[in-house]
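A.B. asks:
There are 2 protein chains.
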Amino acid sequence: MKAVILLSGGLDSSTILYQAKADSCDCYSISFDYQQRHRRELHSAFLVGQKAGVVEHQVVNFDLRLWGGSALTDDSIDLPQERSLNEMSQNIPVTYVPARNTIFLSFALAYAEAIAAQRVYIGVNALDYSGYPDCRPDYIQAMQEVFRLGTKQGREGQPIEIIAPLINLKKTEIIQLGNKLGVPWDLTWSCYAGADVACGVCDSCRLRLAAFAELGLEDPVPYA
Amino acid sequence: MKAVILLSGGLDSSTILYQAKADSCDCYSISFDYQQRHRRELHSAFLVGQKAGVVEHQVVNFDLRLWGGSALTDDSIDLPQERSLNEMSQNIPVTYVPARNTIFLSFALAYAEAIAAQRVYIGVNALDYSGYPDCRPDYIQAMQEVFRLGTKQGREGQPIEIIAPLINLKKTEIIQLGNKLGVPWDLTWSCYAGADVACGVCDSCRLRLAAFAELGLEDPVPYA
C-alpha cells in the first residue's frame with residue numbers, strides 16, 4: 006500500500022515514517038520549504054527519508070513570509086527561549102504558524118491522490134506542550150472529512166485515510182516507539198533555530214531534551 | 006470588515022470580489038501561480054483586483070507539476086475540446102486538479118488569520134457542468150469546520166467564515182449578478198488554453214459562451 010508521509014525531519018515525523026514502514030507501506034515523503042527560519046530541517050528530512058528507503062521524496066516550495074504571523078516566518082518575532090514545560094503549556098505560542106498543518110495536509114492530499122496512495126501519515130501530537138490548534142484530534146477528524154469530500158478518490162472510491170499514530174502519545178512514549186522502530190535520532194533535527202548545533206533553549210529543544218532525560222537516554226544530536 | 010478573496014481572474018471569482026465590495030468588505034485578493042498551463046489568468050486577476058481597488062493582492066507560487074494528475078498541470082494530458090454541455094456533465098473531467106481548492110482555501114485561511122480577516126470569499130459553483138468534488142456544498146461545510154478547529158482565531162474567537170455566494174447559481178445567474186455589480190468582464194479570463202485570445206472550444210470557454218448567448222448578451226472577451 007502506498008502512503009504519503011509528512012516528513013519535517015524532526016523526531017515525531019521521523020518516527021511516523023518508520024511506523025509507516027513497519028505498517029508495510031511504500032513510503033512517499035513530502036517536505037515543505039516555506040521560508041521558515043532555516044533549511045537545516047529540510048536536510049534532515051532528506052537524510053532520514055534516504056535512510057528509511059522512501060520511494061520518492063518531494064519538496065514543495067512556497068513563501069509563508071508573504072504575510073508572516075509567526076516567529077517561524079517573521080524574523081521580527083523572537084523565538085521563545087528557556088521556557089519551562091509549564092510555561093509552554095499555557096497558551097498557543099508565537100511559533101504557531103497560521104493554518105500550517107492545513108496547508109501541509111492539503112499538499113499531502115494532492116500528492117496522495119495523484120499517485121493513488123491510500124494513506125497520509127502525520128506526526129501531530131496533542132500532548133506536546135504546544136497547544137497548537139491544528140494538532141488536536143477534532144481537527145484531524147475535520148480534515149478527514151475534507152479528504153473524503155474534496156477529492157475524486159474520496160467521492161468515487163475509498164477516501165485517503167489520515168493516520169496520526171502519535172496524537173495521544175507523550176514525548177517519552179514517542180521516543181520509546183522510535184527506539185523500537187529503529188529511528189536514526191542522530192539524523193533528525195528539532196531545533197527552531199538551525200545553527201550548526203541545536204540551541205538547547207528553544208521550546209522544541211527543551212521538550213526533546215526533557216523527554217530523553219526522563220527516559221535516562223542520551224540524545225545523539227549535538228547541542229550548543 | 007476585512008475579507009480575503011480567492012481571485013483567479015475568471016468570471017466567477019471576479020464576481021465574488023465585486024460581491025465582497027458590495028458587502029462593504031476591505032478586500033485582500035490572493036491568486037496562485039501553481040505552474041498551470043498559462044499565466045494569462047494571473048494577469049487578469051491582477052487587473053480585476055486593481056480595478057476593484059483591493060487593499061493588497063498576493064500571488065502565492067508553488068509547483069503542482071511535481072506530481073501532475075490533471076490536464077491543467079500535465080501537458081501530456083490533452084484539454085477536452087468542443088464538448089457539449091451534456092458531455093461535460095457526465096463525469097469529473099481531466100481538468101480536475103487533485104485537492105486544488107483545499108490548497109487554495111488553506112492558503113486563504115493562513116492569509117486571513119495573519120491579517121485578522123473575518124471572511125474568505127470563494128467562487129465555487131456546484132451547478133457548473135464540471136462535477137468537481139471540491140465545489141460542492143458539503144465540501145465547503147467540511148472546510149468550514151477546518152477553519153474553525155485548525156486556527157488560533159477559530160479556537161479562541163470568531164472562526165473565519167467561508168462565503169460562497171455562487172454555489173447554487175447557474176452560470177447565467179452569475180452573469181446577471183455580475184452585471185448588477187459592475188464586474189469588468191473585458192478584464193476577466195476563463196479560457197484553459199491561454200493564447201492571445203480565448204480558444205472558444207475548451208469546456209471553460211464553451212460554458213461561458215453558452216451562458217452569455219442564453220442571456221442574449223455579448224461576451225466582450227475576444228475569441229479565436
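Sequence order for the protein chains is A and B.
The numbering of the first sequence is my numbering, which starts it at 6 and goes up by one.
The numbering of the second sequence is my numbering, which starts it at 6 and goes up by one.
C-beta: ideal position from N, C-alpha, C; glycine also.
No experiment lies behind these values; they were computed from the predicted model shown.
#1: Please classify residue 167 (chain B): does DSSP put it in a helix, a strand, or coil?
#2: Would you decide whether residue 211 (chain A) is buried or exposed? Buried here means 16 or more other CB atoms lie within 10 Å of its CB.
#3: Tell me the start and end of each unbroken beta strand (DSSP E) in the segment 146 to 198 of chain B that is at least 3 residues and wholly inside, in chain order.
#4: Going by C-alpha distance, which of A:189, A:102, A:13 is nearest residue 56 (chain A)?
#5: Compare the C-beta of residue 100 (chain A) with all C-beta atoms of chain B and state if any pair is closer than 8 Å.
#6: In three-state DSSP terms, what is residue 86 (chain A)?
#7: What whole-angstrom Cβ distance do residue 179 (chain A) and residue 171 (chain A) have, given they're in contact under 8 Å?
#8: Could you name the residues of the segment 71 to 97 of chain B whose beta carbon sits closer than 7 Å to any beta carbon of chain A, in the order they occur along the chain?
#9: Could you tell me which chain A residues have their CB closer than 8 Å to the CB of residue 148 (chain B), listed as they occur along the chain?
#10: What is the DSSP secondary structure of residue 112 (chain A), counted as helix, strand or coil?
#11: Starting from the beta carbon of residue 139 (chain A), find every residue of chain B whose beta carbon is closer than 7 Å, and list them in chain order.
#12: Tell me, to the nearest whole angstrom, how far the beta carbon of residue 5 (chain B) is from that of residue 196 (chain B); I am working on the premise that it is less than 8 Å.
#13: Roughly how many whole angstroms lie between the Cα atoms of residue 204 (chain A) and residue 119 (chain B)?
#14: Mind listing the chain D neighbours of residue 51 (chain B)? Cutoff is C-beta to C-beta under 9 Å, in chain order.
#15: I'd like to check one pair, residue 13 (chain B) with residue 50 (chain B): are the Cβ atoms closer than 8 Å?
#16: Mind listing the chain B neighbours of residue 217 (chain A)? Cutoff is C-beta to C-beta under 7 Å, in chain order.
#17: Is residue 173 (chain A) close to chain B? Criterion is C-beta to C-beta, closer than 8 Å.
#18: Given this structure, state the Cα-to-Cα distance separating residue 33 (chain B) from residue 226 (chain B), to the nearest angstrom.
#19: Quick check on residue 126 (chain A): does DSSP put it in helix, strand or coil?
#20: Beta-carbon separation of residue 88 (chain A) and residue 78 (chain A) under 8 Å?
#21: For the segment 31 to 45 of chain B, enumerate the residues whose C-beta is nearer than 7 Å to any C-beta of chain A, in chain order.
C.D. replies: Concretely, from the data shown:
#1: Taking the second sequence and counting its residues from 1, the one referred to as residue 167 (chain B) is at position 162. The answer is strand: DSSP assigns residue 167 (chain B) an E or B state.
#2: Here residue 211 (chain A) refers to the residue found at position 206 of the first sequence. So residue 211 (chain A) ends up on the buried side.
#3: 166 to 168
#4: Here residue 56 (chain A) refers to the residue found at position 51 when the first sequence is read from its first residue. Closest option to residue 56 (chain A), Cα to Cα, is A:189.
#5: Along the first sequence, one-based indexing puts residue 100 (chain A) at 95. Residue 100 (chain A) does not count as touching chain B.
#6: As a working mapping, residue 86 (chain A) is identified with position 81 in the first sequence. DSSP places residue 86 (chain A) in the strand class (E or B) of the three-state scheme.
#7: Working through the first sequence from its first residue, we reach residue 179 (chain A) at position 174. Working through the first sequence from its first residue, we reach residue 171 (chain A) at position 166. Contact annotation, residue 179 (chain A) with residue 171 (chain A): C-beta distance approximately 5 Å; criterion of less than 8 Å satisfied.
#8: 71, 72, 73, 74, 97
#9: Your numbering for residue 148 (chain B) matches position 143 in the second sequence. Ordered by position in chain A, the residues that pass the 8 Å Cβ test against residue 148 (chain B) are 151, 155.
#10: Mapped onto the first sequence, residue 112 (chain A) falls at position 107. The answer is helix: DSSP assigns residue 112 (chain A) an H, G or I state.
#11: Within the first sequence, numbered from 1, the residue matching residue 139 (chain A) stands at position 134. Under the 7 Å cutoff, chain B gives 155.
#12: Past the boundaries of the shown model lies residue 5 (chain B); chain B is included only from 6 to 229, so the question cannot be answered.
#13: Working through the first sequence from its first residue, we reach residue 204 (chain A) at position 199. Working through the second sequence from its first residue, we reach residue 119 (chain B) at position 114. Put simply, the backbone Cα of residue 204 (chain A) is about 28 Å away from that of residue 119 (chain B).
#14: Absent from the structure is chain D; the protein chains it does hold are A and B.
#15: Translated into the one-based positions of the second sequence, residue 50 (chain B) becomes position 45. Translated into the one-based positions of the second sequence, residue 13 (chain B) becomes position 8. Taking 8 Å as the Cβ cut-off, residue 50 (chain B) and residue 13 (chain B) qualify as a contacting pair.
#16: In the first sequence, counting from the first residue as 1, residue 217 (chain A) sits at position 212. Simply none; closest approach about 29 Å.
#17: Here residue 173 (chain A) corresponds to residue number 168 of the first sequence, with the count starting at 1. Not an interface residue.
#18: Position 28 of the second sequence holds residue 33 (chain B). Position 221 of the second sequence holds residue 226 (chain B). About 25 Å.
#19: Mapped onto the first sequence, residue 126 (chain A) falls at position 121. Residue 126 (chain A) falls in the strand class under three-state DSSP.
#20: Within the first sequence, the letter at position 83 stands for residue 88 (chain A). Within the first sequence, the letter at position 73 stands for residue 78 (chain A). It is not a contact, given that the beta carbons lie outside the stated cut-off.
#21: The segment 31 to 45 of chain B vs chain A, Cβ under 7 Å: nothing.
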